[in-house]
Amino acid sequence: MARITLENIRKAFGKVQALDGISLDIKDNEFFVLFGPAGAGKTTILNCIAGITMPEEGTISFNGEIMNLIDPAHRNVAMVFENYALFPQMTVYDNMASALRSKLYREDEAVIKERIDKAARMMKMEKLLERLPSQLSNGQKQRVAMGRALVRTPNVFLMDEPLAHLDAKLRNSMRTELKEMQANLGSTCIYVTHDFMEAMALGDRIAIINKGKIVQIGSGDEIYYMPCNEFTAELMGDPQINIIPAEIYKSGSGYGAEMIVNGSKVRHELPEDKGVFAKIQERGLVKVDLGIRPQHIKYAFAPADGYFKTTVYSYESIGNKSVITAECGAYQLRMIAPNGLNVDIDSDIYIKLELDRSILFDPDSKKYLTRYDEEAIKSFAVKEVQ
Amino acid sequence: MKTGKQRALNVLMNVLLIIYAIFALFPLLWMLLISFKSDTEVFTTTFIFHPTLANYQQVLLRSDYARYIRDSLIVSGGAVLVSIIVGVPAAYALARYNFARKEELAFQILSYKFAPEILVVLPLFMIYQKLGLYDSYIGLIWVYQLISLPLLIWVVRGYFEDISVEIEYAAQVDGYTWYQIFFKMLVPLIKPGLVSSALLAFIFAWNSFTFPLILASSKVYPVTVAITKYLGTDSAHYGQLAVAATVSAIPAMVFALCIQKHLVRGLSFGAVKG
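Given below as structure tokens:
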């Protein structure tokens, strides 16, 4: 139950700058997700907050109190480690009781039992309490690691990919439980993941981390609909967003976009949107990268008006739907299709882009320029967090 | 059901093992037999002789044998104890911390075992004379560190390296101090390695001959050196010699049996832990 503030945290391991000026302000009771590719520095941020790693520069404060020189034991944080870090010589029960039996956080055995039973019920592992960690599967170990944190009432929960090794069904139910539990307990939670669904579902706010720097902070919707650059856009969403290089040309009172598809030029009128057109005019844009999500690409297997022709590169099922990838020369387009289509590789396919859903990026800096319906999206996606 | 081939293989394996067991145990048996023979029968009989306890009476009751055993226990036990107290923290440091020339230091510790004892014992003899460590318990315990410390450090270091550092972090976050973590979390995990290497170190120290022969004389008399007393200049009392050797093997065996449970687990623990 604390507000966690990081100011300009820097940390290097040898020549690798793991954290390069991280500043975060995590509000009391917030569920804050750190999201980014492997090696981005997410775990190092958690370690700094827990006190395991000492940053070389910058301050970490809990409720305004600077914690840099406080050792991990006295920070009162509960951490779930990615590799579980269970004590091999202790039973599951003793593992979970470990913190509550230490001098600093001592509780009565009766209280301990009650809390452990509650956590075990929530994680469906009542029958495992007498086992040793070596007798558990990875998913079960992960739940024990979670349980060891959840029995406590810390300043902040630090969770490093706590659901990564669970099976899909359990992961979904745990995700729901976790969100509810966090709301009930009223505690701050910092959660590291590389699964964007988890990030979107759990996070009050999400911070995108890459190469030790914060790329973007915002609500899940904000980051999904208004990614600050192409990197973020590609990270959020599966299959990932299509980025299509295009040239802007003047067309009557509006504009059009010209793309190269398999060596030939394809022209599309840009749908009218005040914000987009104003931006194009104001910046004098000649080249843009168009970002279009796979669900906003239409396809047909016969020529149709407004569709351009290309060939199928692959067709693969991802469960309840499938992804068609179309070859366009310098790039490929991914689009969502139903299962069970009879699609042959290298056969012709006709594609139409729903340009009125696209996001415009600067092709040089890769940064967000604008998008269609920006005002409307802003009004629901961008929330001020108290 | 086992096939004939498997059964034949099984029989063959057991026969080979029995042959090896006889080969390995025969010297011990021979020693035991001699210990019951009188001096006149040592060379003239094999299995059929007139058993006598005279050798045992002579060695155990009419000589200072108990004192020799006690001296051996003090120096060997003391050496192992010092090795544990010094070696476990050293192994922890070598496993966990990064410091300049770490590997060189670890290798140097190991290199203490390279040189034959006879090579270093003469300079040591002169140093010990000057320092007043000659013929003292402390002197022998100290020099036995050359035998026991490298072994213990290298085995225990491997065990520390097998423990993921996150376990220590998790315990820190749970509110434990470093000392509590060390004794509650880490020591149980390294115990198999610690016990097996301590046992081996004890046996090596117990069997050490060169160091006590040269670096001790009348005040400290470990049993390995004492045994030579039964080889007189004019006559060799092989019977008494056999008694002394037989009895001196007992403490190490008792020690090994007591910690056998840990020993077997200890030698396989590092291998199966995935």
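Those protein sequences? They're chains A and B, same order as listed. Take 1 as the starting number for the first sequence in this note's numbering and just add one per residue. Take 1 as the starting number for the second sequence in this note's numbering and just add one per residue. Cβ atoms here follow ideal geometry from the backbone N, Cα and C, with glycine treated the same way.
For Asn339 of chain A, which beta-bridge partners are listed by DSSP? Position 339 of the first sequence, counting from 1, holds the residue named residue 339 of chain A. Partner(s): none; Asn339 of chain A has no beta bridge.
Bridge partner(s) assigned by DSSP for Leu34 of chain A: Translated into positions along the first sequence, residue 34 of chain A becomes position 34. According to DSSP, Leu34 of chain A bridges with A:Val192 and A:Ala207.
For the stretch 158 to 189 of chain B, list every residue whose C-beta sits within 8 Å of some C-beta in chain A, in sequence order. The stretch 158 to 189 of chain B vs chain A, Cβ under 8 Å: Ser164, Glu166, Ile167, Tyr169, Ala170, Ala171, Gln172, Val173, Asp174, Gly175, Tyr176, Thr177, Gln180, Met185, Pro188 and Leu189.
Identify every run of the alpha helix (DSSP H) within the stretch 161 to 230 of chain B, keeping only runs that are complete inside it and at least 4 residues long; order them along the chain. Runs of the alpha helix (DSSP H) inside the stretch 161 to 230 of chain B: 165 to 173, 187 to 207, 210 to 215 and 223 to 227.
Proximity winner among A:Ser264, A:Leu290 and A:Thr232, relative to Gly256 of chain A (alpha-carbon distances): By 1-based counting over the first sequence, the position of residue 256 of chain A is 256. Nearest in C-alpha terms to Gly256 of chain A, of all of A:Ser264, A:Leu290 and A:Thr232, is A:Leu290.
Candidates A:Arg3, A:Ala183, A:Ala99 and A:Lys27: which alpha carbon is nearest Gly218 of chain A's? Locating residue 218 of chain A in the first sequence gives position 218, counting from the first residue. Nearest option by C-alpha distance: A:Lys27.
Under 8 Å Cβ-Cβ, which residues of chain B neighbour Gly157 of chain A? Counting from 1 along the first sequence, the entry for residue 157 of chain A is found at position 157. A small fix is needed here, since residue 157 of chain A is Phe in this sequence, not Gly. Residues of chain B with a Cβ closer than 8 Å to the Cβ of Phe157 of chain A do not exist; the shortest Cβ-Cβ separation is about 11 Å.
Quick check: what's the CA-CA separation for Val173 of chain B versus Lys298 of chain A? If you number the second sequence from 1, residue 173 of chain B lands on position 173. If you number the first sequence from 1, residue 298 of chain A lands on position 298. Approximately 52 Å between the Cα atoms of the pair.
Where Lys11 of chain A falls: helix, strand or coil (DSSP): As a working note, residue 11 of chain A is residue 11 in the first sequence. In the displayed model, Lys11 of chain A falls within a strand according to three-state DSSP.
Can you give the Cα-Cα distance for Leu2 of chain A and Glu30 of chain A, rounded to whole angstroms? As a working note, residue 2 of chain A is residue 2 in the first sequence. As a working note, residue 30 of chain A is residue 30 in the first sequence. Looking at the sequence shown, residue 2 of chain A is not Leu but Ala. Approximately 9 Å between the Cα atoms of the pair.
Just the C-alpha distance for Leu241 of chain B and Lys219 of chain B, rounded to the nearest angstrom, thanks. Stepping through the second sequence from its first residue, residue 241 of chain B is reached at position 241. Stepping through the second sequence from its first residue, residue 219 of chain B is reached at position 219. Near 21 Å, if we compare the C-alpha coordinates of Lys219 of chain B and Leu241 of chain B.
Do Gly36 of chain A and Lys42 of chain A have their C-beta atoms closer together than 8 Å? Taking the first residue of the first sequence as 1, we reach residue 36 of chain A at position 36. Taking the first residue of the first sequence as 1, we reach residue 42 of chain A at position 42. Yes, the Cβ-Cβ distance between Gly36 of chain A and Lys42 of chain A is below 8 Å.
Residues that Glu351 of chain A bridges to, as DSSP identifies them: Working through the first sequence from its first residue, we reach residue 351 of chain A at position 351. Reading off the sequence, residue 351 of chain A comes out as Ile, not Glu. Paired residue(s): A:Tyr299 and A:Phe308.
Find out if the Cβ-Cβ distance for the pair Asp160 of chain A, Val80 of chain A is shorter than 8 Å. Residue numbering aside, residue 160 of chain A sits at position 160 when the first sequence is read from its first letter. Residue numbering aside, residue 80 of chain A sits at position 80 when the first sequence is read from its first letter. Yes. Within cutoff.
Tell me which residues share the same chain as Gly239 of chain B and place their Cβ nearer than 7 Å to its Cβ, disregarding the 5 neighbours each side in the sequence. Locating residue 239 of chain B in the second sequence gives position 239, where the first residue counts as 1. Counting only Cβ-Cβ distances below 7 Å, and skipping sequence neighbours, we find Ile34, Ser35, Lys37, Ser38, Asp39, Val42 and Asn55.
Buried or exposed, going by whether 16 or more other CB atoms sit within 10 Å of the CB of Cys189 of chain A? What you label residue 189 of chain A is simply residue 189 of the first sequence in a count that begins at 1. The residue is buried, with at least 16 neighbouring Cβ atoms inside 10 Å.
Determine, using beta carbons only, whether Ile389 of chain A comes closer than 8 Å to chain B. Not covered by the structure: residue 389 of chain A. The range shown for chain A is 1 to 386.
Check whether the Cβ atoms of Tyr112 of chain B and Tyr221 of chain B sit closer than 8 Å, and answer yes or no. Along the second sequence, one-based indexing puts residue 112 of chain B at 112. Along the second sequence, one-based indexing puts residue 221 of chain B at 221. When the beta-carbon positions are compared, Tyr112 of chain B and Tyr221 of chain B stay at least 8 Å from each other.
Is there a Cβ from chain B that is less than 8 Å from the Cβ of Val77 of chain A? Here residue 77 of chain A corresponds to residue number 77 of the first sequence, with the count starting at 1. It does: the Cβ of Val77 of chain A has a partner Cβ on chain B nearer than 8 Å.
Please list, in chain order, all residues of the same chain as Arg101 of chain A whose beta carbon is under 6 Å from its beta carbon, the five residues on each side excluded. By 1-based counting over the first sequence, the position of residue 101 of chain A is 101. Excluding sequence neighbours, Arg101 of chain A sits near nothing in its chain.
Under the assumption that Ile163 of chain B contacts Leu186 of chain B (Cβ atoms under 8 Å), give the Cβ distance between them as a whole number of angstroms. Within the second sequence, the letter at position 163 stands for residue 163 of chain B. Within the second sequence, the letter at position 186 stands for residue 186 of chain B. Contact check for Ile163 of chain B and Leu186 of chain B: beta-carbon distance about 7 Å, within the 8 Å limit, so the pair qualifies.
Give me the chain B residues within the contact set of Ile102 of chain A, using Cβ-Cβ distance strictly less than 7 Å, ordered along the chain. As a first step, residue 102 of chain A is located in the first sequence; it is residue number 102 there, counting from the start. The sequence shown places Ser at residue 102 of chain A, not Ile. Asp174, Gly175 and Tyr176, listed in chain order.
I want to see whether chain C comes within less than 8 Å of Phe87 of chain A, judged by CB atoms only; does it? Judged by its chain identifiers, the structure shown contains no chain C, and its protein chains are A and B.
Pairwise C-alpha distance: Lys191 of chain B and Gly270 of chain B: Against the second sequence, residue 270 of chain B aligns to sequence position 270. Against the second sequence, residue 191 of chain B aligns to sequence position 191. Residue placement at Gly270 of chain B cannot be trusted, given a pLDDT of 42 that sits under 50; the coordinates are not used to answer.
Determine the DSSP secondary structure at Tyr20 of chain B, reduced to helix, strand or coil. Taking the first residue of the second sequence as 1, we reach residue 20 of chain B at position 20. Under the three-state reduction of DSSP output, Tyr20 of chain B falls in the helix class.
What residue does the beta strand (DSSP E) around Ile218 of chain A start on, and which one ends it? The count along the first sequence starts at 1 and reaches residue 218 of chain A at position 218. The residue asked about is misnamed: residue 218 of chain A is Gly in this sequence, not Ile. Start and end: Lys213 to Gly218.
Within this structure, are the beta carbons of Ser322 of chain A and Ala337 of chain A separated by less than 8 Å? If you number the first sequence from 1, residue 322 of chain A lands on position 322. If you number the first sequence from 1, residue 337 of chain A lands on position 337. In this structure, Ala337 of chain A lies closer than 8 Å to Ser322 of chain A by Cβ.
Per DSSP, the bridge partner or partners of Met96 of chain A: In the first sequence, the residue the question calls residue 96 of chain A occupies position 96. DSSP output for Met96 of chain A lists no bridge partner at all.
Pairing CB atoms from the stretch 68 to 88 of chain A with CB atoms from the stretch 148 to 167 of chain B, are three or more of them under 8 Å? The stretch 68 to 88 of chain A vs the stretch 148 to 167 of chain B: in contact.
Those residues which DSSP pairs with His268 of chain A across a bridge: Counting from 1 along the first sequence, the entry for residue 268 of chain A is found at position 268. Its beta-bridge partners are A:Ala257.
Going by the DSSP bridge assignment, what does Leu333 of chain A pair with across the sheet? Walking along the first sequence from the start, residue 333 of chain A turns up at place 333. Paired residue(s): A:Ala326.
Can you grab the Cα-Cα spacing for the pair Gln386 of chain A / Ser187 of chain A, in whole Å? On the first sequence, position 386 is the one that residue 386 of chain A refers to. On the first sequence, position 187 is the one that residue 187 of chain A refers to. Confidence is the limiting factor: at Gln386 of chain A the pLDDT is only 46, short of 50, which leaves the residue's position unreliable and the question unanswerable from this model.
Do the stretch 90 to 102 of chain B and the stretch 134 to 153 of chain B touch if we need at least three Cβ pairs shorter than 8 Å? Contact holds: three or more Cβ-Cβ distances are below 8 Å.
Establish whether the CB of Tyr105 of chain A and some CB of chain B are separated by less than 8 Å. On the first sequence, residue 105 of chain A is found 105 positions in, with the first residue counted as 1. At least one chain B Cβ lies under 8 Å of Tyr105 of chain A.
What does Phe62 of chain A touch in chain B if you count any residue whose Cβ is under 7 Å from its own? On the first sequence, position 62 is the one that residue 62 of chain A refers to. Under a criterion of Cβ atoms nearer than 7 Å, no residue of chain B is adjacent to Phe62 of chain A; the nearest Cβ is some 14 Å distant.
If you draw a straight line from the C-alpha of Asp346 of chain A to the C-alpha of Thr311 of chain A, how long is it? Translated into the one-based positions of the first sequence, residue 346 of chain A becomes position 346. Translated into the one-based positions of the first sequence, residue 311 of chain A becomes position 311. Spanning the two alpha carbons is a distance of roughly 5 Å.
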